[in-house]
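Report on one structure; see the data block that follows.
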Amino acid sequence: MGFVLVSAMGLGVFVACSTGSSDRDDLDPDAGASIDVPLEDSGHVDEASADGGADEPDAERPLICEDGGFCETRLPLSPLGQPPSLSGVWAVSSDDVWSVSSEGSVLHYDGKSWRVEYQTGYPLRSVWATSRTVWVGGAQGIILRRDEAGVWKLFESGHASIVRSIFGSGESDVWLSSRDGYVDHFDGSTLTTYPLGVPGLRTTTVFGRPGVGVYAGGYVPGAVSGTGRDESRFFALSVEGATALGLTLNRGRIAAAGAVFDVPAGGRRFVIMNYGVGAGWISVGYSTLDENGNFVFPSAGAGERPHDVLSADVPPAALWGRSWDDVYVANSFAYFDHWNGVETVRRSLNMGPKFPPRTITGTHGTDKEMWIVGAGFALKGHTL
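Counting with my numbering, you get residues 558 to 941 for the letters of the sequence shown.
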């Protein structure tokens, strides 16, 4: 893959053009082609084995609900009797919800129960879906797509970096985080890699809204930037290339997830969930900016969480919104924050003593329902 740098309106625009090259010698040079055969150590899970085929000691355990209206849903257990550690969720409708796990499972909720639809040998991190197709990504650059016929295909990404984030505006416009400093795009037939044009950039998120646009976020580590503190960067994405935006976070903050909305008064508003990494912990916050990079509201904190300081990966972030005045941020298991257009209201998520606090990794929903998932749980509740 080779690239050409052009400029537009004073902003850097980077355009991808194909060559035959590959970053890894062990990969097929035709990177981006779909492979119709399943992975050797994985595949579709039939009905008989969807529950793992093991005794389930808590299969009949009463599901817990909390006062605010969120309730557990029963997850299939592993052969060792453990629930999956979910790392992302995407709700198409009330009876069409997809999730992925660090154990490599792709799970589907049909409105009544969860089942494992596909199993890989790699930890999975991201999921995006429509009523017709499903995309998932994870460790070692794995990208899988489920078509309308229910057939899963492996896409050769051409890299071994974790696919942290996926977003699409439609079936033929799907964007995925790629190796550091790049994003991948699927146009309905081909997967193409685009550079973001910033040396040392680590791509952490892609996000957007149909009719508004698609964006990418990442950060340059302080050791690379020379400032000693991490610096976030943002880009508008299109098939013509990536355009650098003038959005910035406070120095030392890492962009982890984003959402974008049109506002009634005109213009666009970005909500960015971000991390500050410390020794053994991360502080979680979120910032609201306009399209010119101005802070619309003061940045807010959303608690802290433990973090493995030896891990180079950015933990999953739970941010979702239906409109500019209906945005949800979940981090601490005790609560989540809801922006209603006037103020941020902290909502209780206390499930009681029989449900110990666990890490939240994802949230998404529909017009009526909201999902919050994490290490061993999937909670369903009503939107506010």
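The beta-carbon is built from N, C-alpha and C at its ideal position, and this holds for glycine as well.
Being a predicted model, the structure only gives us computed values, none of them experimental.
Nearest residue (CA-CA) to residue i, options the options
i: residue 874; options: 841, 854, 891 and 901; result: 841
i: residue 657; options: 823, 912 and 683; result: 683
i: residue 897; options: 798, 879 and 659; result: 879
i: residue 619; options: 912, 738 and 742; result: 912
i: residue 884; options: 909, 698, 851 and 923; result: 923
i: residue 725; options: 686, 870 and 915; result: 686
i: residue 870; options: 832, 650, 743 and 820; result: 832
i: residue 839; options: 809, 847 and 819; result: 809
i: residue 667; options: 676, 653 and 673; result: 653
i: residue 926; options: 718, 651, 621 and 630; result: 651
i: residue 723; options: 693, 712 and 744; result: 693
i: residue 675; options: 709, 697 and 813; result: 709
i: residue 648; options: 637, 638, 639 and 691; result: 691
i: residue 900; options: 713, 639, 853 and 716; result: 853
i: residue 948; options: 886, 845, 677 and 655; result: This structure does not reach residue 948, given that the chain is present from 558 up to 941, and the question cannot be answered.
i: residue 707; options: 665, 716, 736 and 888; result: 665
Backbone CA spacing between residue i and residue j [nearest angstrom]
i: residue 627; j: residue 906; result: 8 angstroms
i: residue 794; j: residue 635; result: 39 angstroms
i: residue 642; j: residue 773; result: 26 angstroms
i: residue 790; j: residue 747; result: 27 angstroms
i: residue 731; j: residue 760; result: 16 angstroms
i: residue 632; j: residue 670; result: 8 angstroms
i: residue 689; j: residue 705; result: 5 angstroms
i: residue 784; j: residue 738; result: 19 angstroms
i: residue 744; j: residue 804; result: 27 angstroms
i: residue 718; j: residue 822; result: 40 angstroms
i: residue 894; j: residue 792; result: 26 angstroms
i: residue 754; j: residue 932; result: 35 angstroms
i: residue 757; j: residue 698; result: 18 angstroms
i: residue 750; j: residue 934; result: 34 angstroms
i: residue 678; j: residue 891; result: 33 angstroms
CB contact flag (residue i, residue j, <8 angstroms)
i: residue 646; j: residue 919; result: yes
i: residue 765; j: residue 771; result: yes
i: residue 826; j: residue 877; result: no
i: residue 781; j: residue 734; result: no
i: residue 695; j: residue 904; result: no
i: residue 815; j: residue 828; result: yes
i: residue 921; j: residue 928; result: yes
i: residue 909; j: residue 623; result: yes
i: residue 767; j: residue 727; result: yes
i: residue 644; j: residue 681; result: yes
i: residue 775; j: residue 813; result: no
i: residue 886; j: residue 819; result: no
DSSP state of residue i mapped onto helix, strand, coil
i: residue 779; result: helix
i: residue 820; result: coil
i: residue 595; result: Confidence at residue 595 is low in this model, with a pLDDT of 38, below 50, so its placement is unreliable and the value that follows should be read with caution. Coil.
i: residue 727; result: strand
i: residue 882; result: coil
i: residue 620; result: coil
i: residue 911; result: coil
i: residue 560; result: Note that residue 560 scores 29 on pLDDT, short of 50, meaning its location in the model is unreliable; the coordinates nonetheless yield the value given after this. Strand.
i: residue 627; result: coil
i: residue 894; result: strand
i: residue 917; result: strand
i: residue 815; result: strand
i: residue 713; result: coil
i: residue 876; result: strand
- Query: For the segment 645 to 702, which segments carrying the alpha helix (DSSP H) assignment without a break, of at least 4 residues, lie completely within its bounds, in sequence order?
  - Reply: none
- alpha helix (DSSP H) runs wholly inside the segment 733 to 802, at least 4 long, in chain order: 779 to 782
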